[in-house]
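Engineer:
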Ligand code: PEP
Ligand code: MN
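In this note's numbering, the protein residues as written are 160 to 491.
(1) What I want to know is whether the C-beta of residue 394 ends up closer than 6 angstroms to one or more non-hydrogen atoms of ligand 1.
(2) Residue range of the beta strand (DSSP E) that residue 198 falls in?
(3) Over what stretch of residues does the beta strand (DSSP E) that includes residue 251 continue unbroken?
(4) Return the first residue and the last residue of the alpha helix (DSSP H) that residue 382 is part of.
(5) Looking at ligand 2, does it come within less than 6 angstroms of residue 463, judged from the CB to the closest heavy atom?
(6) Use the C-beta contact count for residue 414: other C-beta atoms within 10 angstroms, 16 or more gives buried, fewer gives exposed.
(7) Report the partner residues of residue 242 according to the DSSP bridge assignment.
(8) Give a yes or no on whether the C-beta atoms belonging to residue 210 and residue 198 are separated by under 7 angstroms.
(9) Can we say the region 351-368 touches the region 186-204, given the rule of at least three CB pairs closer than 8 angstroms?
(10) Whole angstroms are fine: how far does the CA of residue 300 sit from the CA of residue 260?
(11) Say the cut is 6 angstroms; is the CB of residue 133 nearer than that to a heavy atom of ligand 1?
(12) Between residue 454 and ligand 1, is there a pair consisting of the residue's CB and a ligand heavy atom that are separated by less than 6 angstroms?
(13) What do you reckon, are the CB atoms on residue 265 and residue 308 nearer than 7 angstroms?
(14) For residue 331, which residues from the same chain have a beta carbon less than 6 angstroms from its beta carbon, with the 5 sequence-adjacent residues on both sides left out?
(15) Whole angstroms is fine: what's the gap from residue 424's alpha carbon to residue 448's?
(16) Can you check the region 269-320 for any alpha helix (DSSP H) of at least 4 residues that lies completely inside it and give the ranges in chain order?
(17) Is the CB-CB distance between residue 476 and residue 438 below 7 angstroms?
(18) If residue 277 and residue 320 are in contact, beta carbons under 8 angstroms, what's the gap, nearest whole angstrom?
(19) Apart from the five residues just before and just after residue 463, which ones in its own chain have a Cβ nearer than 6 angstroms to its Cβ?
(20) Just to check my reading of the structure: residue 164 and residue 215 have Cβ atoms closer than 8 angstroms, yes? What is that Cβ distance to the nearest angstrom?
(21) Should residue 315 be counted as a contact of ligand 1 given a C-beta to heavy atom distance under 6 angstroms?
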């Protein structure tokens with residue numbers, strides 16, 4: 160960290176404070192400023208508090224704010240169930256926004272498996288904007304999801320909203336999803352950090368990449384290193400899609416961490432007509448997989464029908480992705 164101070168400002172109290180906390184302080188004088196180079200684990204220092212000290216013009220962080228997510232993985236293969244994620248890339252998660260009935264999820268499971276998906280998604284606890292909208296089948300929905308996934312050799316993925324439900328999720332799903340709205344629910348993240356299940360961490364729609372990675376940092380700091388990041392679009396001024404897919408953000412996350420990063424084009428688009436193009440762009444850009452909403456009868460869906468692909472269209476999309484996939488050995 161560099162603290163830029165006015166030339167003749169009183170700085171002994173600040174230096175003493177930093178030394179007392181265990182930091183080395185090197186001073187560079189000359190010109191109109193005095194620079195204090197603070198050496199040590201400066202992530203724990205509150206830059207804003209320091210900038211309130213008299214004479215401080217600027218505080219510049221020279222280190223990334225991470226201790227875990229930017230380090231290479233050391234604990235062996237990233238397992239989903241018993242299978243290494245590396246052998247499944249690009250990793251395709253598909254299914255309805257919500258589990259609506261036993262038959263509905265069973266039918267979609269069959270179709271997405273045939274199309275080549277690895278995992279079956281289906282919300283059972285739904286974070287709906289309106290309390291009057293369908294809220295999900297809750298525990299029963301998770302059971303239907305689990306049975307449909309098991310019956311078709313798929314991994315089950317579903318969103319958790321409350322840490323009290325963690326035992327239920329641990330026995331029902333293979334990957335626990337944290338939705339955009341809960342990306343900064345730190346109590347939930349701490350609880351999931353202690354879980355032995357992989358976590359799919361969606362980016363909040365009003366969050367920076369740094370905030371997203373710091374949420375992943377919570378999970379890792381509390382012991383869970385099996386995190387899949389998921390870019391799902393951010394809120395911008397542009398109304399032509401529900402959210403704006405941030406592929407630059409996806410790449411920044413990939414370049415900053417060693418975590419797998421997938422893309423959810425469905426929630427970014429809000430319209431099924433945009434999903435295929437966004438999927439191809441994501442895979443071509445180097446995403447490690449996709450999460451796509453698929454529904455047999457989108458017009459009857461209880462949530463997110465407008466952005467759901469019909470199974471046939473989904474199957475066609477997956478076939479078309481090979482050409483853009485760097486894991487495909489035929490890729491140039
Ligand atoms: C979902 O996956 O159904 C969902 C609610 O997504 P997000 O949290 O990205 O809005
Ligand atoms: Mn949805």
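Every residue, glycine too, gets a C-beta built ideally from N, C-alpha and C.
All values reported here derive from a predicted model rather than from experimental measurement.
Structural biologist: Taking the geometry as given:
(1) To locate residue 394, count along the chain shown from 1; it is residue 235. Not so, every heavy atom of ligand 1 lies at least 6 angstroms from the Cβ.
(2) Walking along the chain shown from the start, residue 198 turns up at place 39. Here the beta strand (DSSP E) through residue 198 covers 192-198.
(3) Here residue 251 refers to the residue found at position 92 when the chain shown is read from its first residue. Note, residue 251: beta strand (DSSP E), 250-254.
(4) Numbered from 1 along the chain shown, position 223 holds the residue referred to as residue 382. Neither: residue 382 is in no alpha helix (DSSP H) and is coded neither H nor E.
(5) As a first step, residue 463 must be located in the chain shown, where it is residue number 304. Yes - ligand 2 has a heavy atom lying nearer than 6 angstroms to the Cβ of residue 463.
(6) One-based indexing of the chain shown puts residue 414 at position 255. With fewer than 16 Cβ atoms within 10 Å of its Cβ, residue 414 is classed as exposed.
(7) In the chain shown, residue 242 corresponds to position 83, counting from 1. DSSP output for residue 242 lists 239 as bridge partner(s).
(8) Numbered from its first residue, the chain shown carries residue 210 at position 51. Numbered from its first residue, the chain shown carries residue 198 at position 39. It is not a contact, given that the beta carbons lie outside the stated cut-off.
(9) no
(10) Stepping through the chain shown from its first residue, residue 260 is reached at position 101. Stepping through the chain shown from its first residue, residue 300 is reached at position 141. In this model, residue 260 and residue 300 are separated by some 7 angstroms (Cα to Cα).
(11) Because the chain spans 160 through 491 in this model, residue 133 falls outside it and cannot be assessed.
(12) Position 295 of the chain shown, counting from 1, holds the residue named residue 454. Flag unset: Cβ of residue 454 not near ligand 1.
(13) Along the chain shown, read from residue 1 onward, the residue named residue 265 stands at position 106. Along the chain shown, read from residue 1 onward, the residue named residue 308 stands at position 149. Their beta carbons are not under 7 angstroms apart, which means residue 265 does not touch residue 308 by this criterion.
(14) Along the chain shown, read from residue 1 onward, the residue named residue 331 stands at position 172. So the list reads 301, 305, once near-sequence residues are dropped.
(15) Counting from 1 along the chain shown, the entry for residue 424 is found at position 265. Counting from 1 along the chain shown, the entry for residue 448 is found at position 289. Approximately 11 angstroms between the Cα atoms of the pair.
(16) 297-310
(17) If you number the chain shown from 1, residue 476 lands on position 317. If you number the chain shown from 1, residue 438 lands on position 279. Their beta carbons are under 7 angstroms apart, which means residue 476 touches residue 438 by this criterion.
(18) If you number the chain shown from 1, residue 277 lands on position 118. If you number the chain shown from 1, residue 320 lands on position 161. Not really, about 24 angstroms apart at Cβ, beyond 8 angstroms.
(19) For this step, residue 463 is matched to residue 304 along the chain shown. Closer than 6 angstroms at Cβ, skipping near neighbours: 256, 452.
(20) Indexing the chain shown from 1 puts residue 164 at position 5. Indexing the chain shown from 1 puts residue 215 at position 56. At roughly 6 angstroms, the Cβ-Cβ gap stays under 8 angstroms, so residue 164 and residue 215 are in contact.
(21) In the chain shown, counting from the first residue as 1, residue 315 sits at position 156. Outside the cutoff, so no.
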